[in-house]
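Participant: According to this note's numbering, the sequence shown is numbered sequentially starting from 19. All C-beta atoms, glycine included, are put in the ideal place defined by N, C-alpha and C.
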Amino acid sequence: MNTELKSSLGLATWVRDLANAGGTGGLNWHVHALRSLNRWLPTRERIAQFLASIETTQTHLLLIGPSAGWMLPTPWLARFKQVDVVDIDPLVPLLFGLRHGKVLREHGTQLHFHRQDAIAGLPQLLREFPNACVWFDNVLGQVSVRLGDEDIAERQLRHLKLLLQGRSWGSLHDVYSGPTDAAMALPEIKTVGFKRLDNADEDTAQVHIDGKPQLLSVAAQGLLTALNAKGVWHDHATAGVFPSKTSTTLIPWAFKPHYWHWLEAGWVRP
Ligand SMILES: C[S@@+](CC[C@H](N)C(=O)[O-])C[C@H]1O[C@@H](n2cnc3c(N)ncnc32)[C@H](O)[C@@H]1O
19 MNTELKSSLG
29 LATWVRDLAN
39 AGGTGGLNWH
49 VHALRSLNRW
59 LPTRERIAQF
69 LASIETTQTH
79 LLLIGPSAGW
89 MLPTPWLARF
99 KQVDVVDIDP
109 LVPLLFGLRH
119 GKVLREHGTQ
129 LHFHRQDAIA
139 GLPQLLREFP
149 NACVWFDNVL
159 GQVSVRLGDE
169 DIAERQLRHL
179 KLLLQGRSWG
189 SLHDVYSGPT
199 DAAMALPEIK
209 TVGFKRLDNA
219 DEDTAQVHID
229 GKPQLLSVAA
239 QGLLTALNAK
249 GVWHDHATAG
259 VFPSKTSTTL
269 IPWAFKPHYW
279 HWLEAGWVRP
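(1) For a test of the three-state rule: what should DSSP assign to E73, helix, strand or coil?
(2) Count Cβ pairs between the region 170-183 and the region 241-258 that sit closer than 8 Å; are there 3 or more?
(3) Quick one: which unbroken beta strand (DSSP E) runs of 3-plus residues sit fully inside the region 228-254? Chain order, please.
(4) Where does the unbroken alpha helix (DSSP H) through T92 begin, and where does it stop?
(5) Does the beta-carbon of Q142, which I'm using as the reference point, lie nearer than 6 Å to any heavy atom of ligand 1?
(6) Taking 6 Å as the line, does the beta carbon of G83 fall inside it for any heavy atom of ligand 1?
(7) Using the beta-carbon count (16 or more within 10 Å), is S71 buried or exposed?
(8) Straight-line CA distance for I207 to T61?
(9) Is it true that the region 108-118 meets the region 127-137, where meeting means three or more beta-carbon pairs spaced less than 8 Å apart?
(10) Less than 8 Å between the CB atoms is what I'm expecting for H276 and A200, so what's the real figure, rounded?
(11) Leaving out five residues before and five after S195 in sequence, what residues of the same chain have Cβ atoms less than 6 Å from its Cβ?
(12) Rounded to whole angstroms, what is the Cα-Cα separation between G166 and D228?
(13) Can L175 and V259 be called in contact, C-beta distance under 7 Å?
What follows is the structure, encoded as structure tokens:
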């Protein structure tokens, strides 16, 4: 490929990622996040509680897809001496810096930004940062959106845990999302303890919901009912992200007033 064509393709990607980062971030995301911060507060508090409960011995964090860290608690970031932020969105260094930079500087936490595809480039990032723990910050549920193919996304996502073997790592990601019934009272932001017991398909898979065994299909229906789901809901193909038997926390998220998500937060130790 000649240099001129290469640089105009690079510029086109830069502009596309500035606008919407493959449908998962960018300017669209920042405007929506900024306007939604109050509505998201209960969910942000549950995420902060989850992260506060994680014991990490590492002083280095590899932070993947955090955007400006709209939903991330600064005190958790300040636990680390070094944070390497990887996101495809060109606005991230500026906006993440504005949101968290001052407190992190005061705590002596060094921030480094990398603009690259962290999913495709994960093996290389893990080699580059051998002692870092890893947090996927609501990015893995977007893989199916970016790829436009749930099956390929699910295979890619199942494979990640193999690359991460021997690491301390965690993820917050979408599990389901969809419209809710505007005529009903707003659902409670009540977290649910969750555990997948096997990797079987949805009809036969067994899970624990708040410690009680259930079929995944029954549990999923219960989760949707708890949020007054209406119409068609999207499965984000994240069922295989964590190794089976990992205890996780499901957190409701009022992404828009009548469009909610179930998020899953979990942490895996080597
Ligand atoms: C839903 S947003 C994350 C929101 C974030 N948790 C927050 O608090 O604002 C998803 C982010 O992942 C980034 N992203 C999507 N795919 C990516 C990839 N393959 N590599 C790196 N970043 C990616 C997007 O640019 C976007 O900033």
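Facilitator: On the basis of the data shown:
(1) coil
(2) yes
(3) 230-233
(4) 92-95
(5) no
(6) yes
(7) exposed
(8) 7 Å
(9) yes
(10) 5 Å
(11) H252, H279
(12) 33 Å
(13) yes
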